[in-house]
């Protein structure tokens with residue numbers, strides 16, 4: 070019986086090297102900026118939000134502390150960042166883009182707050198329906214309400230420990246000027262971060278109200294009542310924070326745009 074010799078197809082194999090190069094370049098390119106533009110895992114660290122204290126103190130002409138962060142102080146900064154970062158309207162397909170970045174303190178003279186920015190982004194971005202815009206607004210406000218209690222619980226612990234730290238300064242033996250300056254600077258940092266979050270919450274409420282007002286006149290919907298109720302709840306919590314941090318400076322920052 071004659072041997073059957075079947076031809077081997079090499080068309081797909083010829084394109085294999087090119088395919089491998091394409092896959093390799095995509096993998097290497099992704100490593101440079103993280104998956105889909107998100108912050109790379111090796112760029113995250115326990116002190117990734119340490120810059121908050123330095124930015125807050127520098128913006129009011131003070132020096133940051135050289136002390137290492139305590140666990141409570143680190144947690145305070147970690148919980149503060151989501152409330153400091155401006156709220157955005159992000160559809161699901163868009164939420165993976167963008168990257169972590171430091172933000173300017175509200176005490177920076179060049180920082181101008183525009184309460185219309187959030188609402189304009191919410192209205193201008195493509196949505197399936199006007200109801201989905203209301204739902205996005207409600208989700209953003211609800212997220213802030215959810216973050217409120219954990220942050221201020223952390224702030225209460227830090228502020229209370231700072232009171233004890235302040236009282237201890239008079240009893241520490243051979244306290245050097247450098248140690249005293251760093252201790253005071255850390256207490257100022259912590260206080261400014263709490264005030265930073267409080268001011269950002271006031272700004273968010275102003276932005277949410279502007280957005281809701283525009284949605285109501287452009288696309289009236291009964292769901293607007295739910296959004297208004299949640300904004301009112303966030304406003305009530307912000308007006309009566311569980312932590313009353315003593316001001317480091319007397320200069321107020323307006324929330325009106």
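Numbering (the working numbering), first residue to last: 70 to 326. Heads up, the beta-carbon is just placed ideally off N, CA and C, and yes, glycines get one too. Quick caveat, the model's predicted, so the values are computed rather than measured.
Excluding sequence positions up to five away, which residues of its chain have a Cβ less than 8 Å from the Cβ of residue 214? Here the set comprises 299, 302, 303, 306.
Using the Cα positions of residue 308 and residue 217, report the straight-line distance between them to the nearest angstrom. Near 12 Å, if we compare the C-alpha coordinates of residue 217 and residue 308.
Tell me whether the beta-carbon of residue 296 lies closer than 7 Å to the beta-carbon of residue 187. With contacts defined as CB atoms closer than 7 Å, residue 296 and residue 187 fail to qualify as a contacting pair.
Using the rule of at least 16 other Cβ atoms within 10 Å of the residue's Cβ for burial, across every protein chain shown, is residue 212 buried or exposed? By the 10 Å Cβ count, residue 212 comes out exposed.
Could you tell me how far apart the beta carbons of residue 132 and residue 126 are, in whole angstroms, since I believe they sit closer than 8 Å? Their Cβ separation, rounded to whole angstroms, is 6 Å, which keeps residue 132 and residue 126 in contact under 8 Å.
Thinking C-beta only, is residue 223 closer than 7 Å to residue 148? For the 7 Å CB-CB criterion, residue 148 and residue 223 form a contact.
Return the Cβ separation of residue 143 and residue 115 in integer angstroms, given the expectation that the two are a contact with Cβ distance under 8 Å. About 6 Å separates the two Cβ atoms, so the contact holds.
Do you know offhand how far residue 312's Cα is from residue 265's? Cα-Cα distance, rounded: 13 Å.
Decide if residue 273 is buried, meaning its Cβ has at least 16 other Cβ atoms within 10 Å, or exposed. So residue 273 ends up on the buried side.
Keeping to the same chain, check which residues put their C-beta closer than 7 Å to that of residue 120; ignore five residues upstream and five downstream. If the five residues before and after residue 120 are omitted, its C-beta is found closer than 7 Å to the C-beta atoms of 171, all from its own chain and listed in chain order.
Assuming residue 227 contacts residue 141 under a Cβ cut-off of 8 Å, what Cβ separation, rounded to an integer in Å, is found between them? Contact flag correct, Cβ pair sits at about 5 Å.
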